[in-house]
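Written below as structure tokens is the structure these notes are about.
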Amino acid sequence: MNVIETKGLSKRYRSTWALRDFTMAIPAGHVAALVGPNGAGKTTLLNLVVGLAAPSVGTVTVLGGEPAGSPAALDDIAFVAQDAPLYKNLPVADMLRLTSYLNRRFDDGYARERLSELGIPLKRKAGKLSGGQQAQLALTLALARRPRLLVLDEPLANLDPLARHDFMATVLAAAAETGEGEVGGMSVVLSSHVLAELERVADYLILVSGGQVQVVGEVDGLLARHRVLTGPAGAADRIARRLPVVYVRRAGAQAHLLVRTSGPDEPVPPGWEAHPVSLEELVLSYLREPGAAALPGPARTQKAEPMEVTR
Amino acid sequence: MTTRSTAGPSYRDTRIRPVPWRRLAWVSWRQYRLSAAGLVAFLGVLALYLLIMGLRVRGAYDAAAACSPAAGGPHCQDAFNLFDTRYAATAEVSAFVLNAVPMLAGVFAGAPVLARELEAGTFRFAWTQGAGRTRWALARLALPAVTVTAAAAAFSQLFGWFYYPLFATRDSAFAPQYFQLTGIAFAAWTLAAFAIGALAGVLIRRVVPAMAAAMAAWAGLLLAAVLYLRRHYETPLIAHNSGRGAPGIAPWVISQWWTGPNGKTVTSENEMIAILNHLRRGYAEWTVYQPAARYWHFQLIEAGWLLALALLLIAATIWLVRRRAG
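Protein chains in written order, with this note's numbering: chain A, 1 to 311; chain B, 312 to 637.
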């Protein structure tokens with residue numbers, strides 16, 4: 001089952017296209033990271049997924065074929081928008097009650113336990129909590145709905161490093177609790193530009209740029225299919241003509257090439273060294289080279305190199 | 312939540328029971344109660360004032376009326392005149408304040424109800440909960456709409472009671488400055504003002520500009536109704552003092568003029584003064600008016616179109632909420 005599936009999805013705001021012909025699928029059971037530069041269309045995509053916006057062209061379905069925004073979809077998807085909007089004049093206890101009254105399911109015991117672990121007083125107004133506590137409260141309200149899909153839009157943007165760590169720990173614990181990977185367990189999709197944090201948590205990557213999908217696939221698979229070659233800068237162009245190079249970084253006499261590979265056994269050109277690539281490096285390389293793509297199936301732009309097939 | 316994914320979408324949709332209205336009403340009340348408290352405080356003070364003044368006005372009126380039941384006479388006329396001069400200003404001020412009540416409902420209850428959610432971004436929270444945005448918006452609008460309308464209905468009764476003696480001595484309830492404060496028109500104006508505010512809120516998406524727009528739109532509608540629309544609810548009657556008799560008790564006089572012996576309308580000031588000083592033969596006074604008996608008919612027409620307008624505006628508001636992109 002795919003928790004999110006888009007086909008030719010496009011969204012136009014007045015005269016500009018925020019998303020253009022966006023086709024991808026995220027299978028259930030993952031913590032999927034939606035990565036891309038500001039303005040790439042991440043928030044637009046998530047708004048379409050949770051039904052806040054409607055597509056201009058194309059379709060988006062969730063949880064194995066439900067139309068986004070349908071009663072079934074709203075019932076099973078919990079969304080924490082950017083900056084975790086809460087009713088700031090309501091005490092935490094009333095936010096709990098309000099959320100439980102707006103939903104068919106609400107695990108009040110879980111919510112209260114989480115909040116007491118976090119040291120968030122029920123009587124305090126939501127607006128008087130610290131930024132990290134507000135994010136945690138919004139996340140707790142979302143998790144207490146026992147969703148099958150948790151969607152988080154830039155949850156880490158305004159948090160300090162410690163709060164980021166705690167926030168992601170809560171997300172991962174909840175995903176693990178519900179039985180990761182099983183049908184019926186909770187899947188997570190989060191957008192972020194905090195790359196370092198994603199490396200630890202995400203096992204599925206969607207890289208968006210310019211309103212289109214650039215890279216999509218399981219993180220392990222993507223890492224296994226790329227490697228970095230380090231060698232003399234003078235020979236870089238010659239290698240780049242022979243191998244599917246994504247990005248060339250030159251540092252003095254040395255050049256670092258991010259290269260697609262069929263696996264670790266592929267021979268290394270003489271005089272070059274091969275290293276595994278980190279997720280952060282992979283993402284940065286693709287971000288610097290918006291023309292390159294790694295997609296399952298045919299990709300978008302005119303591409304001289306063969307496409308990566310990840311499944 | 313174990314085997315649900317095996318079912319198809321249509322099966323699941325029919326199986327999902329909507330979130331109960333009672334719970335949505337609590338949500339609505341919890342978020343509305345602060346502004347409701349403000350309105351209650353304001354209306355409470357106003358009601359207390361009307362009640363106290365009403366008792367005094369009615370006491371004074373009864374005293375004047377007890378003067379000389381049958382004949383009247385100059386002495387009793389003086390008692391009525393005294394009553395009138397003493398309480399006319401009070402009545403006019405309270406009518407003026409009361410005229411602002413529908414506007415307050417539009418500005419402080421109607422405009423913020425959705426604009427605050429849109430301005431603060433909390434609609435992203437509210438519209439992605441299981442209840443769905445349509446039911447949420449209906450609950451958010453219905454509760455304040457019903458309470459302000461009910462409060463307005465009670466107020467127009469109170470005002471009618473307070474004002475009754477003054478209708479008797481000087482003004483008709485049909486007078487344009489009081490018509491929308493009495494009967495059922497006042498409640499309808501309040502509901503319409505609320506609906507105008509709600510629609511302005513969802514269109515403008517910011518609280519303060521939506522309040523300003525609601526105030527302007529409501530004032531424009533009231534002026535249009537008082538100055539142009541209301542007199543055309545029914546074709547007015549025409550009377551002249553030499554023929555078909557007077558327009559009856561306490562009519563709403565729309566226009567009056569004099570005609571000379573040649574049948575032409577008197578326009579010169581000198582001729583007018585001459586007529587007023589001693590009525591000359593051949594001159595006739597013409598009056599275009601709505602008889603007081605049409606009061607309830609007019610109330611029904613005015614309340615009817617305002618109710619239709621309010622429902623239309625609320626439907627447009629819900630429609631905008633449904634299609635509004637996040």
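Beta carbons are placed, not taken as given, at the ideal position from N, Cα and C, and that holds for glycine.
Runs of alpha helix (DSSP H) wholly within the segment 25–87 of chain A (minimum 4 residues, chain order): If we require 4 residues or more, the alpha helix (DSSP H) runs fully inside the segment 25–87 of chain A come out as 42–49, 71–76.
Is the CB of GLY432 of chain B under 7 Å away from at least one CB in chain A? True, the Cβ-Cβ gap to chain A drops below 7 Å.
Report the option in A:ILE77, A:LEU90, A:LEU152 whose CA atom is closest to the CA atom of ARG124 of chain A. The option with the nearest alpha carbon to ARG124 of chain A is A:LEU90.
Does any CB atom of chain B fall closer than 7 Å to the CB of PHE167 of chain A? Not an interface residue.
Tell me whether GLY271 of chain A counts as near the ligand SAH, meaning its Cβ is closer than 6 Å to at least one heavy atom of that ligand. Looking at this structure, you won't find the ligand SAH or any other ligand, since it has none at all.
Which full runs of the alpha helix (DSSP H) of 4+ residues lie inside the segment 502–590 of chain B, going along the chain? Unbroken alpha helix (DSSP H) runs of no fewer than 4 residues, entirely contained in the segment 502–590 of chain B, are found at 518–535, 580–588, following chain order.
So, does the segment 540–551 of chain B touch the segment 598–615 of chain B, judging by three or more C-beta pairs under 8 Å? Between the segment 540–551 of chain B and the segment 598–615 of chain B, the count of C-beta pairs closer than 8 Å reaches three or more; the two stretches touch.
Supposed close pair PRO147 of chain A, ASP76 of chain A - CB separation, criterion 8 Å: Between PRO147 of chain A and ASP76 of chain A, the beta carbon gap of about 6 Å places them in contact (Cβ cut-off 8 Å).
Proximity below 7 Å, CB of LEU425 of chain B to CB of GLY512 of chain B: At a Cβ-Cβ threshold of 7 Å, LEU425 of chain B and GLY512 of chain B count as neighbours.
Just list the alpha helix (DSSP H) runs in the segment 163–205 of chain A, keeping only unbroken ones of 4 residues or longer that don't cross its boundaries, in chain order. The qualifying runs are 195–201.
Which of the residues in the segment 144–164 of chain A, read from start to end, lie with their CB under 9 Å from any CB of chain B? Those residues of the segment 144–164 of chain A placed with their C-beta closer than 9 Å to a C-beta in chain B are ARG145, ARG146, ARG148, VAL151, ASP153, ordered along the chain.
Beta-carbon proximity check, VAL245 of chain A vs ALA32 of chain A, cutoff 7 Å: Their beta carbons are not under 7 Å apart, which means VAL245 of chain A does not touch ALA32 of chain A by this criterion.
Less than 7 Å between the C-beta atoms of ARG20 of chain A and GLY211 of chain A, yes or no? Yes, the Cβ-Cβ distance between ARG20 of chain A and GLY211 of chain A is below 7 Å.
Mind checking if ASP107 of chain A is an interface residue toward chain B, Cβ cutoff 7 Å exclusive? No, its Cβ sits nowhere closer than 7 Å to a Cβ of chain B.
Residues that GLU113 of chain A bridges to, as DSSP identifies them: In DSSP, GLU113 of chain A forms no bridge with anything.
Are GLN134 of chain A and ALA84 of chain A touching if we call contact CB-CB under 7 Å? For GLN134 of chain A and ALA84 of chain A, yes; Cβs fall inside 7 Å.
Can you give me, in chain order, the residues of the segment 599–619 of chain B that have a beta carbon less than 7 Å from any beta carbon in chain A? Identification of residues in the segment 599–619 of chain B having a C-beta nearer than 7 Å to some C-beta of chain A yields an empty set.
Suppose contacts are defined by Cβ-Cβ distances below 7 Å. Is GLY441 of chain B in contact with ASN47 of chain A by that definition? Their beta carbons are not under 7 Å apart, which means GLY441 of chain B does not touch ASN47 of chain A by this criterion.
Does any residue of chain B bring its CB to less than 7 Å from the CB of ALA75 of chain A? What sits at residue 75 of chain A in the sequence shown is Asp, not Ala. Closer than 7 Å: yes.
Listing by chain order, which chain B residues have their CB less than 7 Å from the CB of PRO85 of chain A? Residues of chain B with a Cβ closer than 7 Å to the Cβ of PRO85 of chain A are, in chain order, ALA431, GLY432, THR433, ARG435, PHE436.
Output yes if chain B places a C-beta closer than 7 Å to the C-beta of ASP103 of chain A; else output no. First, the amino acid is wrong: residue 103 of chain A is Asn here, not Asp. Interface residue, yes.
Taking only runs of the alpha helix (DSSP H) that begin and end inside the segment 365–414 of chain B, which ones reach a length of at least 4 residues, in chain order? Qualifying alpha helix (DSSP H) stretches, in chain order: 384–410.
I'd like the list of long-range same chain contacts for ALA621 of chain B, defined as Cβ closer than 6 Å, with 5 residues on each side in sequence excluded. Excluding positions up to five away in sequence, the list reads LEU502, ALA503, ALA506.
At which residues does the alpha helix (DSSP H) containing TRP630 of chain B begin and terminate? Counting along the chain, TRP630 of chain B sits inside the alpha helix (DSSP H) bounded by residues 606–634.
Can you give me the start and stop residues for the alpha helix (DSSP H) that ARG249 of chain A sits inside? Note, ARG249 of chain A: premise wrong, no alpha helix (DSSP H); beta strand (DSSP E) at 245–251.
How is the alpha helix (DSSP H) around GLY132 of chain A delimited, first residue to last? Counted as a single uninterrupted DSSP element, the alpha helix (DSSP H) harbouring GLY132 of chain A occupies residues 131–144.
Is it buried or exposed, LEU207 of chain A, if we count other Cβ atoms within 10 angstroms and call 16 or more buried? LEU207 of chain A comes out buried.
Give the range of the alpha helix (DSSP H) segment to which THR99 of chain A is assigned. 92–101 is the extent of the alpha helix (DSSP H) around THR99 of chain A.
Inspect the beta-carbon positions of GLN450 of chain B and SER346 of chain B and report whether they are closer than 7 Å. The sequence as given places Ala at residue 450 of chain B; Gln does not occur at that position. Here ALA450 of chain B is not near SER346 of chain B, since their CB atoms are 7 Å or more apart.
Would LEU162 of chain A pass as a contact of VAL80 of chain A if the rule is Cβ separation under 7 Å? No, the pair does not count as a contact, with Cβ atoms beyond the cut-off.
Decide if VAL459 of chain B is buried, meaning its Cβ has at least 16 other Cβ atoms within 10 Å, or exposed. With 16 or more Cβ atoms within 10 Å of its Cβ, VAL459 of chain B is classed as buried.
Contact the segment 273–280 of chain A vs the segment 224–232 of chain A: 3+ CB pairs below 8 Å: Touching, yes, given that three or more Cβ pairs across the two stretches are closer than 8 Å.
Residues that ASP153 of chain A bridges to, as DSSP identifies them: Looking at the DSSP assignment, ASP153 of chain A forms a beta bridge with A:SER191.
Is there at least one Cβ from chain B nearer than 7 Å to ALA81 of chain A's Cβ? Interface with chain B (7 Å Cβ-Cβ cutoff): ALA81 of chain A is included.
Pull out every residue of the segment 45–59 of chain A whose Cβ sits closer than 8 Å to any Cβ of chain B, in chain order. Cβ proximity to chain B below 8 Å picks out ASN47, VAL50, GLY51, LEU52, ALA53, ALA54 from the segment 45–59 of chain A.
Going by the CB atoms, is the gap between PHE473 of chain B and GLY365 of chain B shorter than 7 Å? Yes.
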